[in-house]
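In what follows, a single structure is set out as structure tokens and then discussed.
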Amino acid sequence: MQKQAIFQSRLLPYALVAPQLAIVLLFFYWPALQAVIQSFLLQDAFGLSTSFVWFENYLDLFREPAYFEAILRTFFFSFAIAVSSLSFALLLAVMADKPLRGSMLYRTLLIWPYAVAPPVVGVLWIFMLHPSLGIIARYLRAIGVDWNPLLDGDQAATLIILAAAWKQISYNFLFFLAGLQSIPRSVLEAAAIDGARPMRRFWTVTFPLLSPTIFFLLVVNIVYAFFDTFGIIDTMTRGGPGKSTETLVYKVYSDGLLGGNLGSSAAQSVILMVMVIVLTGIQFRFVERKVTY
Amino acid sequence: MVEEEGFRRYVAHIILWIGIAIVAFPVYIAFVASTQDNALIANGQMSLLPGGHFFETYYQTIFVGTSGSTREPVGNMMLNSLVMALLIAVGKIAISIISAYAIAYFRFPFRMPIFWIIFITLMLPVEVRIYPTYKIVADLHMLDSYAGLALPLIASATATLLFRQFFMTVPDELLEASRIDGAGPLRFFWDTLLPLSRTNMAALFVILFILGWNQYLWPLLITTRDDMQTIQVGIRKMITTTDALTEWPIVMATAMLAMLPPVFVVVVMQKLFVRGLVETEK
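Taken in sequence, the protein lines are chains V and B.
Quick note on this note's numbering: the first sequence kicks off at 3 and runs consecutively.
Quick note on this note's numbering: the second sequence kicks off at 23 and runs consecutively.
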């Protein structure tokens, strides 16, 4: 797409793109390049000398079982967060899509968690489920669950997934609602006249028509689970107990900042970057398709 | 719909209220905790009804801070967060709209490469280039400054794309008309294009303000001084690992205060927010 009416100017357009370009080059490309270079370097324990080691950092990573565990864990978290949050949000959106009295109010009461910051989400949930003072933990113990997410890795992971999924409900709800409202009523009415009951109508008409939205949200949720859960994890468990809640992004942070292992941290960053590129690519393929519909 | 009467409608209302209850419960508990006595909470005897310490706790939170982990008053942290969020939102809109203008309304060498250079940044989230970016900001002596908090986050590929998309829908006649009136490119931008973009800018502002206010990893890395802390970083520092020292009512009051501005923006600007959200995703 090109505009027909344009301005002629030699220098002005450069001046207009200059601020954006300067920031992008200085804070995006230069550091990304540094990360790539750093990932090929090995620093001795005292940071006195560095040597070029080709793919040594990468090979070390893949030899390290902890890294594989972090990959698996990250994918498991993403999957669990996306599925639980998407299904609950879809249920709510289908209900809110019905012509109900007060649907605007419902909408307002459901969308605000979008605005809550991940660390605050973490604080809210750790408080409710804190083993010694949490109000829900109290009831869990009352029914005989040995609840202590500060010591039990699986329970800590459950806690992270719950909190992260909770925050994402509102976002998914909004997109599902928009998707549902774009489905022509006439199609559903035709199915109803043909004698399809509501459940059947949902699975044979609504759900397939909603599938582009579902796929889009799946990708967005995975990206969210990869990156935006950092704040939740850092406030709730700091990757522990053990390494049971350490995701890939958290590992970049803890290996680099806390462990001082810059080469490995940089190699992990580069791998993550490749993953983001793939995910963004998928997202755009999808968006382009949606535009040409 | 044909059979959408009676019973099914009640079920829908009930499910929605259950959903709202699940979504609101953690915040209710946080509010209740912020009004109760610390000793009571520490003993695990918190009740489900608000206590009588509301004014006391919030006064201490905003003006004094905790007595242990971080002594900074939360009022100051909120100010830092506010400055950061405003700088990010305004900065992103400003530099995106002018670069979108250049790309849409001018033909110049390297136009498309520049567009792609901006576009590809979508794939470089701050989390993956964190240390080198930190190093650059340190080398530029911008640690513990508002510039350091905002500048590295200010570029925006999505906003640029959005404005470019919008400019494409602006009729060419407008430009012809203002050219006949003797307006140059800057005049046209200022007098015609900016007023037309108002609703787009407002919708984007809502989203970007929340994005800025909720930043965590970046301020965590580059602020070392307590008085430069944002509220998101401050709240994390308040939860000390030894439980006995955590002043939960203050932590929960801080959580409530940290939620207030972005949630307020979402609820009040609902229409704009939804518009901005759906548009930025496209």
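Note that the Cβ used here is the ideal one computed from N, Cα and C, for glycine as well.
Please read these numbers as outputs of a predicted model, since none were measured by experiment.
Neighbour flag for residue i against chain B, beta carbons, 8 Å
{"i": "Y295 of chain V", "result": "The pLDDT assigned to Y295 of chain V is 36, lower than 50, so where the model puts this residue is not dependable; a value taken from the coordinates is nonetheless given after this. By this cut-off, Y295 of chain V is not an interface position."}
{"i": "F57 of chain V", "result": "no"}
{"i": "S41 of chain V", "result": "no"}
{"i": "G258 of chain V", "result": "yes"}
{"i": "Y108 of chain V", "result": "yes"}
{"i": "K253 of chain V", "result": "no"}
{"i": "Q183 of chain V", "result": "no"}
{"i": "K5 of chain V", "result": "yes"}
{"i": "P214 of chain V", "result": "no"}
{"i": "V207 of chain V", "result": "no"}
{"i": "T282 of chain V", "result": "yes"}
{"i": "L161 of chain V", "result": "no"}
{"i": "V189 of chain V", "result": "no"}
Between the CA atoms of residue j and residue i - distance to the nearest angstrom
{"i": "I216 of chain V", "j": "G181 of chain V", "result": "9 Å"}
{"i": "V49 of chain B", "j": "G242 of chain V", "result": "25 Å"}
{"i": "V85 of chain V", "j": "F9 of chain V", "result": "50 Å"}
{"i": "V288 of chain B", "j": "S184 of chain V", "result": "23 Å"}
{"i": "G206 of chain B", "j": "L226 of chain B", "result": "27 Å"}
{"i": "W138 of chain B", "j": "Y69 of chain V", "result": "33 Å"}
{"i": "V6 of chain B", "j": "T79 of chain B", "result": "Nothing in the structure corresponds to residue 6 of chain B, since chain B is present only between 23 and 304."}
{"i": "V228 of chain B", "j": "L184 of chain B", "result": "15 Å"}
{"i": "M130 of chain V", "j": "I117 of chain B", "result": "42 Å"}
{"i": "F77 of chain V", "j": "Y173 of chain V", "result": "20 Å"}
{"i": "T143 of chain B", "j": "Y31 of chain V", "result": "8 Å"}
{"i": "F228 of chain V", "j": "R203 of chain V", "result": "35 Å"}
{"i": "F64 of chain V", "j": "T231 of chain V", "result": "24 Å"}
{"i": "G97 of chain B", "j": "T237 of chain V", "result": "21 Å"}
{"i": "G283 of chain B", "j": "P33 of chain V", "result": "It is worth fixing the name first, because residue 283 of chain B is Pro in this sequence and not Gly. If I take the Cα positions, the gap works out to 32 Å."}
{"i": "D196 of chain V", "j": "G283 of chain V", "result": "41 Å"}
{"i": "L264 of chain V", "j": "F57 of chain V", "result": "14 Å"}
{"i": "L171 of chain B", "j": "T155 of chain B", "result": "12 Å"}
{"i": "V280 of chain V", "j": "V38 of chain V", "result": "17 Å"}
{"i": "A20 of chain V", "j": "R133 of chain B", "result": "12 Å"}
{"i": "T221 of chain B", "j": "I113 of chain V", "result": "21 Å"}
{"i": "Q22 of chain V", "j": "E94 of chain B", "result": "35 Å"}
{"i": "G73 of chain B", "j": "T247 of chain V", "result": "35 Å"}
{"i": "L250 of chain V", "j": "S271 of chain V", "result": "9 Å"}
{"i": "D296 of chain B", "j": "T110 of chain V", "result": "For the record, residue 296 of chain B in the displayed sequence is Val; it is not Asp. If I take the Cα positions, the gap works out to 11 Å."}
{"i": "P241 of chain B", "j": "M164 of chain B", "result": "12 Å"}
{"i": "M23 of chain B", "j": "F77 of chain B", "result": "Confidence in M23 of chain B is poor, its pLDDT being 47 and thus under 50, which makes the residue's placement too unreliable to answer from."}
{"i": "F189 of chain B", "j": "M278 of chain B", "result": "40 Å"}
{"i": "P133 of chain V", "j": "R75 of chain V", "result": "24 Å"}
Cutoff 8 Å: residue i Cβ touching any chain V Cβ
{"i": "Q254 of chain B", "result": "yes"}
{"i": "Q82 of chain B", "result": "no"}
{"i": "F128 of chain B", "result": "yes"}
{"i": "H75 of chain B", "result": "no"}
{"i": "P207 of chain B", "result": "yes"}
{"i": "A169 of chain B", "result": "no"}
{"i": "W212 of chain B", "result": "no"}
{"i": "P271 of chain B", "result": "no"}
{"i": "H163 of chain B", "result": "no"}
{"i": "R93 of chain B", "result": "no"}
{"i": "R31 of chain B", "result": "yes"}
{"i": "M223 of chain B", "result": "no"}
{"i": "V24 of chain B", "result": "The predicted model places V24 of chain B with a pLDDT of 47, which falls under 50 and marks its position as unreliable, so this point remains unresolved."}
{"i": "D194 of chain B", "result": "yes"}
{"i": "R258 of chain B", "result": "yes"}
Residue range of the unbroken alpha helix (DSSP H) whose run includes residue i
{"i": "T328 of chain B", "result": "Absent from the model: residue 328 of chain B. The displayed extent of chain B is 23 to 304, so no value can be given."}
{"i": "S2 of chain V", "result": "Missing from the structure shown is residue 2 of chain V; chain V here goes from 3 to 295 and no further."}
{"i": "S121 of chain B", "result": "V96 to Y127"}
{"i": "S53 of chain V", "result": "Counting along the chain, S53 of chain V falls outside any alpha helix (DSSP H), though it belongs to the beta strand (DSSP E) covering T52 to F54."}
{"i": "H35 of chain B", "result": "G28 to S56"}
Supposed contact pair residue j and residue i - C-beta distance, whole angstroms, cut 8 Å
{"i": "M250 of chain B", "j": "N60 of chain B", "result": "In fact, because the Cβ distance is near 28 Å, the residues do not count as touching under 8 Å."}
{"i": "N236 of chain B", "j": "A119 of chain V", "result": "4 Å"}
{"i": "T276 of chain B", "j": "I253 of chain B", "result": "7 Å"}
{"i": "A160 of chain B", "j": "L126 of chain V", "result": "Rounded, the Cβ-Cβ distance is 33 Å, inconsistent with contact."}
{"i": "E149 of chain B", "j": "L239 of chain B", "result": "6 Å"}
{"i": "V254 of chain V", "j": "I158 of chain B", "result": "Not really, about 17 Å apart at Cβ, beyond 8 Å."}
{"i": "S178 of chain B", "j": "K114 of chain B", "result": "4 Å"}
Test: residue i CB closer than 8 Å to a CB of chain D
{"i": "L13 of chain V", "result": "Looking at the structure shown, chain D is missing, and the protein chains on hand are V and B."}
Query raised in the report: Using a beta-carbon distance cut-off of less than 7 Å, what residues from the segment 132-153 of chain V approach chain B?
Result: S134, L135, I137 and R140
Report task. Give, in chain order, every residue of the segment 60-92 of chain V whose Cβ lies closer than 8 Å to some Cβ of chain B. Result -> Answer in chain order: F90.
Query raised in the report: Any residues in the segment 138-157 of chain B with a beta carbon nearer than 9 Å to a beta carbon of chain V? Which ones, in chain order?
Result: The residues in question are I139, I140, I142, T143, L144, M145, L146, P147, V148, E149, V150, R151, I152, Y153, P154, T155, Y156 and K157.
Report task. Using a Cβ-Cβ cut-off of less than 8 Å, give me the residues of the segment 57-75 of chain B that come near chain V, in sequence order. Result -> I63, A64, N65, G66, M68 and L70
Query raised in the report: Just by C-beta distance, which residues in the segment 232-256 of chain B are closer than 9 Å to chain V?
Result: I232, W235, N236, Q237, Y238, L239, L242, L243, I253, Q254 and V255
Requested in this report: Could you please tell me which residues of the segment 23-37 of chain V, in chain order, have their CB closer than 7 Å to any CB of chain B?
Outcome: L23, I25, V26, L28, F29, F30, W32, P33, A34, Q36 and A37
Query raised in the report: Residues in the segment 220-240 of chain V with C-beta within 7 Å of chain B's C-beta atoms, listed in sequence order?
Result: F229, F232, G233, D236 and T237
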